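Asks:
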Amino acid sequence: MDILLVAHGRYAEGLLSSAELIAGKQENVGVINFLEGMSQEDVKEKIEIYIKDRENVLILSDLLGGTPFKMASMVINETSDKKLNVVTGMNLNMLLEAVFNSTEEDIDILTSSVKSAAISGVDDLRNILNPSIDEDDSFEDGI
Numbered sequence: 794m795d796i797l798l799v800a801h802g803r804y805a806e807g808l809l810s811s812a813e814l815i816a817g818k819q820e821n822v823g824v825i826n827f828l829e830g831m832s833q834e835d836v837k838e839k840i841e842i843y844i845k846d847r848e849n850v851l852i853l854s855d856l857l858g859g860t861p862f863k864m865a866s867m868v869i870n871e872t873s874d875k876k877l878n879v880v881t882g883m884n885l886n887m888l889l890e891a892v893f894n895s896t897e898e899d900i901d902i903l904t905s906s907v908k909s910a911a912i913s914g915v916d917d918l919r920n921i922l923n924p925s926i927d928e929d930d931s932f933e934d935g936i
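Residue numbers (this note's numbering): 794 to 936.
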């Protein structure tokens with residue numbers, strides 16, 4: 794499975810740099826930076842070029858509704874001969890999950906595990922230090 798990161802600014806390349814620090818060089822991960830002066834069509838064209846010679850591509854984008862997400866969605870909707878999907882809300886947990894499981898051939902399975910990894914990586918220190926605190930306990934005496 795190939796992975797394509799598409800994001801505003803240099804977020805995509807920065808995220809890949811972080812992932813490679815942890816997991817080593819990634820040959821199957823591409824990056825498209827949506828930079829100042831680029832048009833939506835520029836982003837779309839770069840996505841089309843990236844997927845041209847690939848069969849299975851999971852696209853990770855930074856922001857739901859942003860240009861990278863919209864252009865990736867448009868390309869997916871216009872392409873029926875490949876296994877493609879786009880997941881938004883890109884973060885390092887998500888990318889590492891995709892990288893470590895890139896041998897998965899079923900894009901739906903990889904998509905599900907990537908989304909789960911993204912969500913499970915969000916927590917806060919108080920919850921980590923006091924995992925026994927149950928939210929329901931705070932309403933013991935009623936509201």
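Even for Gly, the Cβ is constructed at its ideal location relative to N, Cα and C. Small disclaimer: the values here were computed from a predicted structure and weren't measured.
(1) Does K837 pass the burial test, meaning 16 or more other C-beta atoms within 10 Å, or should it be called exposed?
(2) Can you tell me where the alpha helix (DSSP H) with K863 in it begins and where it stops?
(3) Quick one: measure Cβ to Cβ for N849 and D901, integer angstroms, because I've assumed they're closer than 8 Å.
(4) What three-state label does DSSP hand N920 in the structure shown?
(5) Which of helix, strand or coil does DSSP assign to T881?
(6) Measure the beta-carbon distance from L885 to L808 and round it to whole angstroms, keeping in mind my assumption that it falls under 8 Å.
(7) From M831 to T860, what distance separates their C-alpha atoms?
(8) Start and end of the alpha helix (DSSP H) containing L903?
(9) Buried or exposed for L903, please, with buried defined as at least 16 other CB atoms from any protein chain shown within 10 angstroms of its CB.
(10) Contact check, V879 vs M887 under 8 Å by CB: the rounded distance?
Replies: In short, the structure shows the following:
(1) buried
(2) 860 to 871
(3) Rounded, the Cβ-Cβ distance is 11 Å, inconsistent with contact.
(4) When DSSP states are grouped into helix, strand and coil, N920 belongs to the helix group.
(5) strand
(6) 6 Å
(7) 11 Å
(8) 900 to 913
(9) buried
(10) With 8 Å as the limit, V879 and M887 do not qualify as a contact, their Cβ atoms being about 12 Å apart.
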